[in-house]
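Heads up: the structure comes next, in structure tokens.
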Amino acid sequence: MLGRDLEDLFPGAEPADADGPVVLEVEDLVVHPGGPAVSLQVRAGEVVALAGLIGAGRTELLETIFGVRPAVSGQVRVHGRPVPRADTTAAIRAGLALVPEDRKVGGAVLSMSILRNAVLPRLPAFTRAGWLQRRAATQAVRAVVEDVRLRHASLSQEVGHLSGGNQQKVVIARWLIGDAPVLLLDEPTRGVDVGARSEIYRLIADLVAEHQVGVLMASSDMPEVIGLAHRILVMRGGEVVDGLDRADHPDPAQLQELVFRRAAGIDSPSLQGGTP
Numbered sequence: 554m555l556g557r558d559l560e561d562l563f564p565g566a567e568p569a570d571a572d573g574p575v576v577l578e579v580e581d582l583v584v585h586p587g588g589p590a591v592s593l594q595v596r597a598g599e600v601v602a603l604a605g606l607i608g609a610g611r612t613e614l615l616e617t618i619f620g621v622r623p624a625v626s627g628q629v630r631v632h633g634r635p636v637p638r639a640d641t642t643a644a645i646r647a648g649l650a651l652v653p654e655d656r657k658v659g660g661a662v663l664s665m666s667i668l669r670n671a672v673l674p675r676l677p678a679f680t681r682a683g684w685l686q687r688r689a690a691t692q693a694v695r696a697v698v699e700d701v702r703l704r705h706a707s708l709s710q711e712v713g714h715l716s717g718g719n720q721q722k723v724v725i726a727r728w729l730i731g732d733a734p735v736l737l738l739d740e741p742t743r744g745v746d747v748g749a750r751s752e753i754y755r756l757i758a759d760l761v762a763e764h765q766v767g768v769l770m771a772s773s774d775m776p777e778v779i780g781l782a783h784r785i786l787v788m789r790g791g792e793v794v795d796g797l798d799r800a801d802h803p804d805p806a807q808l809q810e811l812v813f814r815r816a817a818g819i820d821s822p823s824l825q826g827g828t829p
């Protein structure tokens, strides 16, 4: 899936603005007791990918940033404002959005309708005295499902009856209701067929280019990392060990080799000029 196939699958991404506003800042975040401190930044209109081998700590880092896991120490900021640790409600209010690795466990409630799934993160905005304000919810959800080109019979259709790709679109669409300047994506196309993958990639690219969303993505799919990311942060043992700018490495095959070598802790003598 490198070379011509990679170019066909992924939309062409505009270079990120290196001087754009920082929407997400992680400073000295320690996920596990005795573990390394992680610091990183994501700018508006930029996709930053976390790459590494199995067990590198990508999912744990995303979940800690979002507050699913309690951090030992460190700070997360959105638009410069601190986000309380281990508080997902505060994270959502701050503008963080998480699409988890397993949509069937942490992403969507398959037995619930598209409408109710889509409003779950913003439920207080669509309820009054404990009752769902269906008209307002329907208007908001209908707009976002059109944006993501969701294939569905109606908003009352159960999410479990949708294809894997459309289930994932529901999980992404729910965050488009309201302000979410930072999107955390964990394996965004796992279990999704190739056709739906291409649509999800274009959706992500549109959010980044048109709405200036900042994306921090964890993926074990190397073509996905190379095809979407402006920058790649290589993780090993819970630590960010290297940062690679895709613009500095135009050859996808060489970039892939470099990422694997960095992730495995192997020097790259064959890639002359490849070390940033």
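When we follow my numbering, the leftmost residue of the sequence shown carries the number 554, and every step to the right adds one.
Idealized CB from N, CA, C, for every residue including glycine.
Treat the numbers as computed from the prediction; the structure is a model and nothing was measured.
Could you spell out the range, first to last residue, of the beta strand (DSSP E) harbouring residue i?
i	result
S592	590 to 596
G780	Where G780 is concerned, there is no enclosing beta strand (DSSP E), although the alpha helix (DSSP H) it sits in stretches over 775 to 781.
R789	784 to 789
V724	Run containing V724: none in the beta strand (DSSP E); it sits in the alpha helix (DSSP H), 717 to 726.
L769	767 to 771
A706	That residue, A706, is in no beta strand (DSSP E); it is neither H nor E in DSSP.
V600	600 to 604
V576	575 to 583
E567	Premise fails: E567 is in no beta strand (DSSP E) and is neither H nor E.
L737	735 to 739
Roughly how many angstroms separate the alpha carbons of residue i and residue j, rounded to a whole number?
i	j	result
E567	L676	35 Å
P805	I779	7 Å
G748	Y754	10 Å
G633	V766	15 Å
V694	V812	39 Å
A609	A682	45 Å
I785	S709	39 Å
S823	P803	For S823, the pLDDT reaches just 46, beneath the cut-off of 50, and the residue's location in the model is therefore unreliable, although a value from the coordinates is still provided. About 16 Å.
R630	E777	27 Å
D798	S592	17 Å
Which residues in the same chain have their Cβ closer than 7 Å to the Cβ of residue i, if we skip the five residues on either side of it in sequence?
i	result
Q825	Reliability fails at Q825, whose pLDDT of 39 lies under 50, so the model's placement of it is uncertain and the value that follows must be treated cautiously. So no residue of the chain qualifies.
D795	V787, R815
A800	P568
V849	Past the edges of the chain, shown from 554 to 829, lies residue 849, and the structure says nothing about it.
T641	F619, G620, V621
F563	Y754, G780, L781
G818	R789
E654	T612, D739, E740, R743
Can you list, in chain order, the residues of its chain whose CB lies under 8 Å from that of residue i, leaving out five sequence neighbours each side?
i	result
V662	R669, N670, L673, V712
G573	R596, A597, G598, E599, Q765
H705	I667, V698, L715, N719
H585	E613, V625, G791
Would you mind reading off the limits of the alpha helix (DSSP H) that contains residue i?
i	result
D498	With the chain represented from 554 up to 829, any question about residue 498 goes unanswered, as that position is not in the structure.
E752	747 to 764
I618	611 to 619
L811	805 to 817
Which residues in the same chain have their Cβ closer than 6 Å to the Cβ of residue i, if we skip the five residues on either side of it in sequence?
i	result
L781	V600
Q594	V575, E578
T742	R750, I753
Q686	F679
L615	L737, D739, A771
A624	L582, T617, R638
L769	V595, V601, L737
L606	A816
- With a cut-off of 8 Å, do at least 3 Cβ pairs link the segment 723 to 736 to the segment 638 to 650? yes
- Tell me, please, whether the segment 717 to 726 touches the segment 694 to 705 by the rule of three or more beta-carbon pairs shorter than 8 Å. yes
- Message: Suppose only complete runs of 3+ residues qualify. What are the beta strand (DSSP E) ranges in the segment 624 to 684, listed by chain order?
- Response: 626 to 631, 634 to 636, 649 to 652
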